[in-house]
Amino acid sequence: SQKIEQNSEALNIQEGKTATLTCNYTNYSPAYLQWYRQDPGRGPVFLLLIRENEKEKRKERLKVTFDTTLKQSLFHITASQPADSATYLCALDVYYGQNFVFGPGTRLSVLP
Amino acid sequence: SQTIHQWPATLVQPVGSPLSLECTVEGTSNPNLYWYRQAAGRGLQLLFYSVGIGQISSEVPQNLSASRPQDRQFILSSKKLLLSDSGFYLCAWSATRLAGDYNEQFFGPGTRLTVL
Chain A
37 SQKIEQNSEA LNIQEGKTAT LTCNYTNYSP AYLQWYRQDP GRGPVFLLLI
87 RENEKEKRKE RLKVTFDTTL KQSLFHITAS QPADSATYLC ALDVYYGQNF
137 VFGPGTRLSV LP
Chain B
315 SQTIHQWPAT LVQPVGSPLS LECTVEGTSN PNLYWYRQAA GRGLQLLFYS
365 VGIGQISSEV PQNLSASRPQ DRQFILSSKK LLLSDSGFYL CAWSATRLAG
415 DYNEQFFGPG TRLTVL
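Chains as they are written, first to last, in our numbering: chain A, 37 to 148; chain B, 315 to 430.
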């Protein structure tokens with residue numbers, strides 16, 4: 037069956053450290069993968085997109101990797117700050133940009 | 315610039331009552347439109363998506379329906395709400411995908427629905 041998982045429901049890290057979040061999927065072959073941030077009571081906000089033929093993508097303190105062999109994406113936040121505390125969602129494109137499947141999310145807490 | 319609106323922001327409805335949630339997008343044409351539901355502490359579940367006026371695809375069988383009467387208007391409806399319909403409903407749009415291009419989704423502020 038098709039499945040998308042994120043490594044943990046919640047992750048606590050100390051300010052200044054690097055947070056690493058994992059997204060694993062089975063029985064999908066996405067052309068690309070996206071990461072979103074969601075704050076409580078708000079809609080998700082797009083962060084980064086990585087294509088199947090890209091290994092790594094960076095944006096400021098964010099870095100995403102995509103391994104289609106392992107069927108895994110890693111999302112890194114370097115020099116984390118308390119303001120980075122939020123839920124982070126990965127999403128797979130499963131039908132030509134018309135249909136997406138979201139992971140359950142990882143709630144990140146950056147402790148001062 | 316593009317904006318997406320949803321209303322109402324919160325809604326409390328009794329079981330068996332009808333539902334109508336509206337979503338409108340400004341500043342873009344022919345967007346792909348989506349309705350998602352997020353149960354408490356859960357991920358996003360895609361309910362419906364639309365690639366054009368009158369074109370609706372349903373992802374999950376349920377007592378909900380969607381309509382797209384205008385290019386930038388997407389409506390989620392129910393004739394009779396169930397307790398299990400409670401949740402956070404999100405509308406989203408993405409640009410029409412061109413060959414070789416990939417687009418992110420832009421989400422609205424959401425509607426918190428409680429069915430009692």
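Using N, Cα and C, we set each Cβ at its ideal position, and we do this for glycine too. All values reported here derive from a predicted model rather than from experimental measurement.
Segment limits, beta strand (DSSP E) that includes residue i
i, result
"Pro383 of chain B", "Leu378 to Gln384"
"Lys93 of chain A", "Glu92 to Lys95"
"Leu106 of chain A", "Run containing Leu106 of chain A: none; DSSP gives neither H nor E here."
"Ala122 of chain A", "Ala122 to Asp129"
"Tyr416 of chain B", "Unbroken run through Tyr416 of chain B: none, as it is neither H nor E."
"Asn60 of chain A", "Ala55 to Thr62"
Residue closest to residue i, alpha-carbon to alpha-carbon, out of the options
i, options, result
"Asn417 of chain B", "A:Ile86, A:Lys39, A:Thr62 and A:Glu41", "A:Ile86"
"Phe82 of chain A", "B:Phe420, B:Thr317 and B:Leu397", "B:Phe420"
"Thr101 of chain A", "A:Thr54, A:Ser37, A:Cys59 and A:Asn43", "A:Cys59"
"Gly341 of chain B", "B:Pro423, B:Ser408 and B:Gly357", "B:Ser408"
"Glu41 of chain A", "A:Tyr131, A:Glu90, A:Leu98 and A:Asn63", "A:Asn63"
"Pro135 of chain A", "B:Leu347, B:Gly357 and B:Phe388", "The residue you asked about is not Pro; residue 135 of chain A is Asn in the sequence shown. Of the candidates B:Leu347, B:Gly357 and B:Phe388, the one whose C-alpha sits nearest the C-alpha of Asn135 of chain A is B:Leu347."
"Ser315 of chain B", "B:Val329, B:Pro328 and B:Ser343", "B:Ser343"
"Pro140 of chain A", "B:Gln384, B:Gly357 and B:Ser392", "B:Gly357"
"Ser44 of chain A", "A:Leu110, A:Asp129 and A:Ser116", "A:Leu110"
"Leu106 of chain A", "A:Asp75, A:Glu88 and A:Ala127", "A:Glu88"
For residue i, the residue or residues it bridges with in DSSP
i, result
"Gly366 of chain B", "B:Gln369"
"Ser145 of chain A", "A:Asn48"
"Glu439 of chain B", "Absent from the model: residue 439 of chain B. The displayed extent of chain B is 315 to 430, so no value can be given."
(request) Taking a Cβ distance cut-off of 9 Å, strictly less, list which residues of the region 329-363 of chain B are near chain A, in chain order. (result) The region 329-363 of chain B vs chain A, Cβ under 9 Å: Asn346, Tyr348, Tyr350, Gln352, Gly355, Arg356, Gly357, Leu358, Gln359, Leu360 and Tyr363.
(request) State whether the region 65-82 of chain A contacts the region 116-129 of chain A, with contact taken as three or more CB pairs (one from each stretch) at a distance under 8 Å. (result) A contact exists between the region 65-82 of chain A and the region 116-129 of chain A.
(message) I want to know whether the region 328-344 of chain B touches the region 65-79 of chain A - three or more CB-CB distances under 8 Å.
(response) No, they do not touch.
(request) Spell out a yes or no on whether the region 373-391 of chain B and the region 351-363 of chain B are touching, meaning 3 or more CB-CB pairs, one atom from each, closer than 8 Å. (result) Put simply, the region 373-391 of chain B touches the region 351-363 of chain B. At least three CB pairs are less than 8 Å apart.
(request) Check whether the region 89-100 of chain A touches the region 319-334 of chain B, taking contact to mean three or more Cβ pairs, one atom from each stretch, closer than 8 Å. (result) Counting Cβ pairs under 8 Å, fewer than three are found: no touch.
(request) Would you list, in chain order, the members of the region 62-80 of chain A that have their beta-carbon closer than 9 Å to a beta-carbon of chain B? (result) Hits within the stretch, in order: Ala67, Tyr68, Gln70, Tyr72, Gln74, Gly77, Arg78, Gly79 and Pro80.
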